[in-house]
Amino acid sequence: MKKLFANHGRELSALLAIAVMFVIFSLIDPIYYSGDNIRDIVEHATIYGLMGLGVTGIIISGAIDLSVGPALAFIAVVVARQAVSGVQPVYCVIIGIMIGFAMGLFNGFLVNHMRLQPFIATMGTMSVFRGMAYLYTQAVPVIGVPRSYRLLVDGELFPFIRSSIIIFLGFALILHVLLKYTCFGNHVYAIGGNEEAARLSGVKVKYTRTMIYAIGMIGTALAAIVQLGKLGTGDPTTGIGYELEAIAAAAIGGTSMAGGRGTVLGTVLGAILFSCLKVGLIVSGVDTFWQYVATGMVIVVSAYIEVLQARLSAVPGGRREGKAAH
Amino acid sequence: MSEPMISFHGLIKHFPGQTALDDVSFDVAPGEIHALLGENGAGKSTLLNVFHGVLPLTSGEMLIQGKKVEFHHTKEALDYGIVKVHQEINLVPEMTVWENLFLGMESRRFGFLRKQAMIAAAGGYLAQLQCGFRPNDRAGALNVGEKQMLQIARALLINAKIISFDEPTSSLSACETATLFKIIRGLKAGGITILYISHKLDEVFELCDRATVLRDGKYINTFNVVDIDRPILIKSMVGRDVALFATRHRPSRTEMDKPVLRVENLASDANGFRSISFTLHRGEILGFFGLVGAKRTDVMRAIFGADCVSAGQLLLHGRRLVNRHPSQGVKNGIALIPENRKEQGFAANLTNADNIAMASLAKYLRGPFVSHRRKDANARRRGEMVRLNPNDPAFPTRNLSGGNAQKVVIAKWLSTEAEVMILDEPTKGIDVAAKAEIYALMEDMVEKGKSIIMVSSELPELIGMSDRIVVMRDGEIAATVDKNEFAEQKLLTYAVEGTAT
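For the protein sequence lines, the chains are A and B, in the order given. Each residue of the first sequence is one higher than the one before, counting from 1 in the working numbering. Each residue of the second sequence is one higher than the one before, counting from 1 in the working numbering.
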């Protein structure tokens, strides 16, 4: 039990926070635990969660991707146009994933081969992707996505279980296995932990980090595909600020911005926590503007919890210095 | 004896689950150079941290010139004229020398910096310390020794009464060390009291007046350095007879008829070495000696494949190696245990198991997936081989002492079953007992038929451990010396002058 807490402290505290939040909001307004509302929470969590998962891998490798919001918009409009023009829904999904992969490769190329700083490189592509979304649509939303497509990506398979949730959890599972149980994933952690040590251990740093950018962007592609199914419209203005929500979901879930640490489960819980809060605030009738403040506070508080936990779990600073200094 | 400069009375410092200082009391006389000795974790650094106000005391008191002091912050100690010259040097590399010198103590008039006055003053201090760099140089361009001088200049600037040094020579060349000692003696002549932490006993005998030994947080004794010899000091430091000197306890394993790695005319324009040729045999420990700047590390990185070469070739078992990327070095069975383990050896954020598995992940696959059970089992097994403490796969490597972190790096390379192990300053900055363990490990490795290249700046260690020693000077091999001809004087001469006189 103690070991469980030591290894999964962040996940457990996120779970606890979700439970507490759920109880409080339900007391404020019983509507909160109605079926419709829970579905709302999950739907919100799906979009941020998919994007957050992709970003998690990139952050673990010691980098960042700011371009996922506009990337979502671009992928959504392209897929929407395909779907509207009659391409089979399955092919639409595959096209979306491939475009996402290519966009991720491009980010990875900039960061790893042209050696740009991840922050700057993806800030640049953030603007590029947004521009591409506008150019592709001339700023006119793509409407009329066929029902067949929407059923495929967001249809209710069983009561309460939509295919979008399967997509979310499926991607989470694949990413989890990839990060924890393959050489590639272990290398991602190693690079984020110490790039030079990893390189000198024979890890192919450029390849690994380029690939994690590409794989990460698949998360955003799936988010775009799902969102398109939910809305039925490919809107080039969508996804504004989503990169921050995605990064926040990862951060709340315990992904270290310094790299080398983070889990898929943490980000999934982080996304759910985030969406519990947002929906809760809406249900309890809190002013929209306060919602921004509240979500911001959650990020700050969770970051502080991370600091506290690091302090508690680590050997006291002085001894560490004293020992490591020699 | 006159009133002591510093008196420590019953210092106690508890950390959760550990007592770092346990009733430590001793005096430091004014104007002396006082060594603090002890193994890792003996409490030297904690004592300094308490003294400089970095850590609060649990109980006990400190007196400076008979007056009780209590520091809650480094600044308060600084105001008392107590300055620490750091082991890891804190400078703003983008700023100039004079800006660093005056950082936080800028001279101002009407709110504006008095730039010219500060530059002139900086020049004065640098001249006093006989530094070869100028106030307007960029601090980042200085070498380690020069950065240290800059810190000492800062101490002079604030009229320090007490200066403490924590392993000041660990990154210095012999020549820089000599300069530093001259400066320290000058400081002493100027009436400044010096606290000096070092692992190198030679330095203590050369430089210090008295030495206080700590062990496991307890005060052991204070010696007049002239009255004692090395064995006495070592015995009180380790509390048991550990053979300090690196010696081979088992016969040499070299099989001269079995060359493993042949290096032929290796050269690199970018890294400044040329015509490097030597042969490493099975079971051999080949020492590499040279002064700082001899390019030994660069040669090793090139052999491993971390850097490119411009000419020459490597033959492993007669097969020509073209290694352009470390991954090929790893595949070919070459291991590099780097000099800067913190920057290049391990990832602080990861656990022991992850660090140990970093170079050999493919071994723990079951099907396409990494088996964590196998990974942990390997970490535990290798940890036992290198006597890692604590040998816990889930333990975060950042919390290990220097010696144990080095063992993690060695365990990482043992996991690859590499045939050629390149150890670059393997015992740098680790305590006596851990050094002895590393030497024993090296003997284990050659017994198993591995070959070792050991780069070191510590001659006693090289002489004790090597079968042959290659001496480098200025990017070239000055000499290759056989075991029966090892002599400190001779090796040093090669390293300094290139030829024996």
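Backbone N, C-alpha and C fix where the C-beta goes; we use that ideal spot for every residue, glycine too. As the structure is a prediction and not an experimental result, all values here were calculated from the model.
Contact of A/E196 with chain B by beta-carbon distance below 7 Å involves E343, Q344.
Counting only runs of 4 or more residues that sit fully inside the region 39 to 81 of chain B, the alpha helix (DSSP H) segments are 44 to 51, 74 to 79, in chain order. The continuous stretches of alpha helix (DSSP H) do not include B/N340, and DSSP gives it neither H nor E. Separation of the CB atoms of B/A311 and B/A267 is rounded to 4 Å, and the pair is thereby assigned contact status at 8 Å.
Between B/V204 and B/V225 a beta carbon distance of about 6 Å is seen, short of the 8 Å cut, so the two are scored as contacting. Exclusion of the five residues before and after A/F171 leaves L50, L53, G219, L222 as the residues of its chain whose Cβ lies within less than 7 Å of its Cβ. Taking a cut-off of 8 Å on C-beta distances, the region 157 to 168 of chain A does not touch the region 250 to 264 of chain B, as fewer than three cross pairs fall below it. Following the DSSP letters along the chain, one finds B/T212 inside the beta strand (DSSP E) bounded by residues 210 to 215. Looking at B/I228, B/G290, B/V386, the one whose alpha-carbon comes closest to that of B/E425 is B/G290. When Cβ-Cβ separations below 9 Å define contact, A/L265 makes no contact with chain B. Under the DSSP definition of a beta bridge, A/D36 lacks any partner. B/T169 is not a Cβ neighbour of B/L37, given a cutoff of 9 Å. Within 8 Å of the CB of A/S201, the CB atoms of chain B belong to P326, V330, M358, A359, K412, in sequence order along the chain. Of all residues in the region 242 to 261 of chain A, those with a C-beta nearer than 8 Å to a C-beta of chain B are S256, A258, G259, G260, R261, reading in chain order.
The Cβ-Cβ distance between B/I356 and B/A411 falls below 9 Å.
In the three-state reduction of the DSSP assignment, B/H14 falls in the strand class. Taking B/A246 as the centre and dropping the five residues before and after it, the same chain places the C-beta of Y439, E461, G464, M465 closer than 6 Å to its C-beta, in chain order. Burial is judged here by how many other beta carbons sit within 10 angstroms of a residue's own beta carbon; B/M105 has fewer than 16 and is exposed. Those residues of the region 173 to 198 of chain A placed with their C-beta closer than 8 Å to a C-beta in chain B are V177, K180, Y181, T182, C183, G185, N186, H187, Y189, A190, G192, G193, N194, E196, A197, A198, ordered along the chain. Look at B/H372: its C-beta is under 9 Å from a C-beta on chain A. Residue range 273 to 282 is occupied by the beta strand (DSSP E) that includes B/S277.
The region 376 to 387 of chain B makes no contact with the region 286 to 303 of chain B: fewer than 3 CB pairs, one atom from each, lie closer than 8 Å. Among the CB atoms of chain A, none fall inside 9 Å of the CB of B/A211. If one requires a minimum length of 3 residues, no beta strand (DSSP E) run lies completely within the region 102 to 149 of chain B. Boundaries for A/Q88: no alpha helix (DSSP H) harbours it, and the DSSP string shows neither H nor E there.
Here the C-alpha atom of B/Q489 lies approximately 10 Å from the C-alpha atom of B/L459. Contacts with chain A at 9 Å (Cβ-Cβ) do not include B/P93. Within the model, the alpha-carbon separation for B/V470 versus B/T493 is close to 13 Å. B/F288 places its beta carbon less than 9 Å from that of B/V455.
A/K206 places its beta carbon 9 Å or farther from that of A/H44. Here DSSP, grouped into helix, strand and coil, assigns A/G234 to strand. Counting only residues of its own chain and dropping the five nearest sequence neighbours on each side, B/G81 has a CB closer than 8 Å to the CB of I158, N159, A160, K161, I162. Beta-bridge partners assigned by DSSP to B/I183: none are found. CA-to-CA, the gap between B/G43 and B/E206 works out to about 23 Å. In the displayed model, B/D22 falls within a strand according to three-state DSSP. Around B/N349, the beta-carbon contacts reaching into chain A at under 9 Å are Y189, G192, G193, N194, S256, A258, G259, G260, R261.
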